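With the first letter of the sequence shown counted as 1, position 204 gets the number 301 in the numbering used here; the numbers rise by one all the way through.
The structure under discussion appears below in the form of C-alpha cells.
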Amino acid sequence: MSVLKTECFSFSNSFCRFILLDVLKMDETMYSQGSVTAEVPPEAGTNDVPQSNVAGGEGGPAGGQDGSGLGGSGTHTADTLCSKGQKCKRPGSPGPHPVKTSCVDAPSPNPQLNLCLSCSPSKGVSTTSDGEKLGPDPSSSVCKSINNSADMADDGGACAEDSGFAMAQVAESEALINDSDSGSLAKDGTHVVAEGTEVAECSGSSDMSQDCSQLGASISFASQSTDEGWLGTPIDELNRMPQCAPPLSRLKVVPNHTIMVRTDLLREGELPVPYPTKFKDAWDDVSVKMPCSEKNLFPKETEDRGGVQSRWDLIHTALQGGFKSSLDVRDAILRYNKTYAKKWDFTALNLLCTECLEPSEVQPLFEVILPAMVDLALSAPRLCTTPIPLLKSKMNHSLTLSQEQIACLLANAFFCTFPRRNSRKSEYGNYPEINFYRLFEGSSPKKIEKLKTLLCYFRRVTQTRPKGLVTFTRKTLNNPPNWASCPTRLTRLHITCKGTIEDDGYGMLQVDFANRFVGGGVTGQGLVQEEIRFLINSELIVSRLFTEALEYNECLIITGIEKYSKYSGYAESYKWKESYKDETPRDDWQRRCTEIVAIDALKYRHFLEQFLPDKMTRELNKAYCGFFRTNGNSKHLSAVATGNWGCGAFGGDTRLKALIQLMAAAEAGRDVAYFTFGDAQLMRDVHEMHTFLTERQVTVGRLYGLLNQYASVVCRNCRPTRPDVSLYSFIHEKVSSAATAGASETDSPLESRL
98 MSVLKTECFS FSNSFCRFIL LDVLKMDETM YSQGSVTAEV PPEAGTNDVP
148 QSNVAGGEGG PAGGQDGSGL GGSGTHTADT LCSKGQKCKR PGSPGPHPVK
198 TSCVDAPSPN PQLNLCLSCS PSKGVSTTSD GEKLGPDPSS SVCKSINNSA
248 DMADDGGACA EDSGFAMAQV AESEALINDS DSGSLAKDGT HVVAEGTEVA
298 ECSGSSDMSQ DCSQLGASIS FASQSTDEGW LGTPIDELNR MPQCAPPLSR
348 LKVVPNHTIM VRTDLLREGE LPVPYPTKFK DAWDDVSVKM PCSEKNLFPK
398 ETEDRGGVQS RWDLIHTALQ GGFKSSLDVR DAILRYNKTY AKKWDFTALN
448 LLCTECLEPS EVQPLFEVIL PAMVDLALSA PRLCTTPIPL LKSKMNHSLT
498 LSQEQIACLL ANAFFCTFPR RNSRKSEYGN YPEINFYRLF EGSSPKKIEK
548 LKTLLCYFRR VTQTRPKGLV TFTRKTLNNP PNWASCPTRL TRLHITCKGT
598 IEDDGYGMLQ VDFANRFVGG GVTGQGLVQE EIRFLINSEL IVSRLFTEAL
648 EYNECLIITG IEKYSKYSGY AESYKWKESY KDETPRDDWQ RRCTEIVAID
698 ALKYRHFLEQ FLPDKMTREL NKAYCGFFRT NGNSKHLSAV ATGNWGCGAF
748 GGDTRLKALI QLMAAAEAGR DVAYFTFGDA QLMRDVHEMH TFLTERQVTV
798 GRLYGLLNQY ASVVCRNCRP TRPDVSLYSF IHEKVSSAAT AGASETDSPL
848 ESRL
C-alpha cells in the first residue's frame, strides 16, 4: 500500500503554493516572479434555435495565443511569454516581430505562503471521517490499481481516441526514434521531452514509407534546420492571428448567432453584462435544461413519497450548508442526486483531500475556494439569463458566452447540478457527459492531476472574474470539393519534431484531435491530446453541455478560450505543473485571439481500411470542414497547426494523414505547421514528399487520384496486413515515371528527325 501511495501521489509543491497566492488575494505582480527570459509573440442556415439577442456568422476570425507563466512562489522560475497586453493590430498596422525580452520582478514580500496540494510519500494523514471510501463499497481499498478496469470501462464510447499520440519512452541519454516505416532506428540526438508535449505513437505509422529515403537524392530542401528540429518554411513566415486578421464586423443581432451578453455595453476591461436582465426559462428540446429552471423538480422526502419540490431549492440548501471535508461535498451532491447514491464513487476527491493536502492546507480549500465555487454556481439565474441553444446535428450556429457565464456553468458541472445528464439512456444520450461525477471516482493518479488542474481554473476565476467572451461555432459542410478535379497546389509547410500545437502554434488555427463527443474522456479516464487541451484551457469543457456528437461532415470551432495551467507529461505521466497567466491579446469582441477546431477522425478496424476511397474522402472532407472559411481570403487566414491526427488508438497511418491534412489545408487556402511530437523520421519523410510534390507542381486533384490508385493497385491485393510497397514510394515512382514518359514524348519527334 505504501509503495502504491508513493508512486501515485508524488505531486508538485507548486500547486498549493500558488493556490494561497490568490486565496490571500496577492497582487497580480506575484504572477511572474523571478528572472525570466522568453519570446514575445507578435501582437497583436436555418435552425430551430431561439432568436433573441443573436449575432453573426461563424464567430469571426481570431488567433494568436501565448501568455506568461505564473510562478508558484517567489523563488520559482518559469518560462514566460511576456506581453504588454496590446490590442490586436490589423493588417494596416503590422505588429512587431518576435523579440527576446527579460522580465524581472521582485521576490515575494510574503514568505509564509506554504499551502500546497502536493503529496508527501511519507505522509499518511487521514481524518476519521474522510478516511472512509467515498463510494458504494466502503469495504474496498482506497488505493486501487492505476489500471483500474472499472475506470477504463466507464469511459466507453465517450473516451477520446489517443489522438495520434502515445507516451514516449523518455531516454536517459539520446532518444532513439524508431522508424517503423523503414525498419531502422534513426539516432538523431533528439531528446523526447515530456514537459508540456504530446509525443507521436510510432505504431500509428505505416511500413508504407519504407522507401522514402529514395526521395532524398532527388529532392532539394527549400529551407531546413535539422539541427534545430524543423524543416521547410520557417514558422515565423506563416500567418498568425491577429496580424493577418481582417477587421471584425460589429457584434450585432443575426439569426444564426446567439449572444448571451449586452453587446452595446461591451467594454474592454469590464465584465460583460448578461442579456436579458431577468432569467428566461426554457424547458424544451432545443435548449439546455438549466438546474435553476422552475420545471426542474424533485420528489419530496415524505413518508408517502407524494408531491414534488423545486430541485434548485434543494441544490441551494445542500450547497450552502458548508463543507468541512470531502464527505460533506459528497453528501451535498447526493442530496439532489439520490438515484446515484449507491453508484457514484468519490474516492478521487477523497484522496485529493486526505492524501494530497496537509491538515493546515485543507482549511483554505473548504473555507475559501469551494464556497466561492458554490456562490458562482448559484448565480446561474443572474448570469445565464438567455436560454442556451443546443448545437444540434446539421446546424450551422454560433453561441457566444462571457467567460464569467462559462465559469458559472462549469461550477454547476462540478457540483453535478445539470438535470437529465447522468445517463446515456436520457434525452441527452447523444451528448457528452457534463456533470463531473466520473471525475471524482477511482484512485488513478490521473484523476488527482485532473482535479488539481481544474481547481487551478476555479481558484483563478473565483478570485478574479475573467472579462472576455468565447464563441462556439458548429459548422456543417454541405458542399465538399470535387477532390478529383481540384487544381490547387500544396501550400507551404513547416514541420518539426519539437514543440507543441498550443505553444508553438500560437495565433494559428489549432487542431483538436477530437472524439465525436467533444472533450472525449476529459471527465473520465482519458488523458491524451484532446483531454489535456480541455484541462489546461478549461473553458473548452463547457462545449460538452450543448454540443451534440459530431457527424461525418461537421466540426466545432472555438474562439477566445484562455489557458489557465501548465503541465508536464502525457497520459499516465501527466502532471499539473503550475498556473499560467495568459496574456494573449483580445479582438474587438473581447475574445482571446486563440482559435481551436475540433475534428474527429475515423477509427479503423484494420490498417488497410483507411485506404478505401470513401474513407480517405471522408477524412479529407472532415479536415476541409475545419479549415475552410466562407469568403475567406488566404492572406487573412492563419496557418493550420496540427499533427498526427487520428494516428494513435484509432489506427491512422501518419504518412497518409499528413497528406490528407496538407491537401485539405491547400484547398482551404492555408499553410501548415505540422508537429510530429518527437518523430524525426516522420518529419523528414513528410518534408521530402511535400518538397517532391511541390517541385513537380502536383495538384491536389492529381494527388487524390494517386491515393485512389494506390488503394486499387496495391492495397486491394493485400491481405489485411501492411503492403510491401509504401505509399510514398508509390507516389514517387508514379510521378517520376509520368514525368519521364512526358519528357520522352516531347523528345521523340526530335529524335526521329535526327
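Quick reminder that beta carbons are idealized off the backbone N, C-alpha and C, glycines included.
Nothing here was measured: the structure is a model prediction, and the numbers come from that model.
Item	Value
Give the DSSP bridge partners of T656, in chain order.	T568, E692
Could you round the C-beta distance between A415 and F537 to whole angstroms and report it? I think they count as a contact, below 8 Å.	Not quite, the Cβ-Cβ distance comes to about 16 Å (not below 8 Å), so this is no contact.
If you draw a straight line from the alpha carbon of G565 to that of K572, how long is it in whole angstroms?	23 Å
Look at the Cβ atom of F610, then the Cβ atom of E627, and state whether they are nearer than 8 Å.	yes
W580 by DSSP, collapsed to three states: which one?	helix
Is the CB-CB distance between C78 and G798 below 8 Å?	Given a span of 98 to 851 for the chain in the structure shown, any question on residue 78 remains unanswerable.
Counting only runs of 3+ residues fully inside the segment 474-527, write out the beta strand (DSSP E) ranges in chain order.	494-499
Flag this pair as yes or no: are the beta carbons of L335 and H733 separated by less than 8 Å?	no
Straight-line CA distance for M760 to L624?	29 Å
To the nearest angstrom, how far is the alpha carbon of R518 from that of E524?	8 Å
For V832, name the three-state secondary structure that DSSP assigns.	helix
Report yes if the CB atom of N634 is closer than 8 Å to the CB atom of E659, and no otherwise.	yes
Looking at L475: is its Cβ nearer than 8 Å to the Cβ of H413?	yes
What would DSSP say about W409, mapped onto helix, strand or coil?	helix
Excluding the 5 residues preceding and the 5 following P388 in the sequence, name in chain order all residues of the same chain whose CB lies nearer than 8 Å to its CB.	R408, W409, I412, A477, N509, T514, F515, P516
Helix, strand or coil: which one does DSSP assign to H733?	helix
Here's the rule I'm using: 16 or more other beta-carbon atoms within 10 Å means buried, otherwise exposed. How should F489 be labelled?	Reading off the sequence, residue 489 comes out as Lys, not Phe. When all chains shown are included, K489 counts as buried.
Applying the 10 Å Cβ sphere with the 16-neighbour rule, what's the burial state of D750?	buried
Taking the beta strand (DSSP E) that Q607 belongs to, which residues open and close that run?	606-611
Does the pairing of the segment 686-698 with the segment 539-555 give three or more beta-carbon distances under 8 Å?	no
Looking at the strands, I want to know which residues DSSP matches up with Y771.	I592, T739
What distance in whole Å lies between the Cβ atoms of L467 and F533, which are believed to be in contact at a cut-off of 8 Å?	The pair is not a contact, with the Cβ atoms about 13 Å apart (cut-off 8 Å).
Compare the Cα-Cα distances from Q707 to each of A438, F443, R752, T588 and report the closest residue.	R752
Anyone know if the C-beta pair for T796 and W580 falls short of 8 Å?	no
For a test of the three-state rule: what should DSSP assign to S390, helix, strand or coil?	coil
Going by DSSP, name the residue or residues bridged to W673.	Y664
For P577, which residues of its own chain have a beta-carbon under 6 Å away from its beta-carbon, when the five flanking residues on both sides are left out?	N718
When you compare the segment 362-370 with the segment 557-564, are there three or more beta-carbon pairs, one atom per stretch, that lie closer than 8 Å?	yes
Tell me the residue span of the alpha helix (DSSP H) that contains I629.	626-633
For Q854, tell me which candidate among E648, E325, I485 has the shortest Cα-Cα distance.	An answer regarding residue 854 cannot be provided, because it is not within the stretch 98 to 851 covered by the chain.
Okay, do the segment 603-620 and the segment 635-651 touch, 3+ Cβ pairs below 8 Å being the bar?	yes
Measuring CA to CA, which of N730, Q758, S735, G766 is closest to W742?	Q758
Check T837 in the structure and name its three-state DSSP category.	helix
By the 10 Å Cβ neighbour count, where 16 or more other Cβ atoms means buried, how is E764 classified, buried or exposed?	buried
According to DSSP, what are the bridge partners of T360?	Partner(s): none; T360 has no beta bridge.
Out of curiosity, what's the CA-to-CA distance linking E391 and A720?	42 Å
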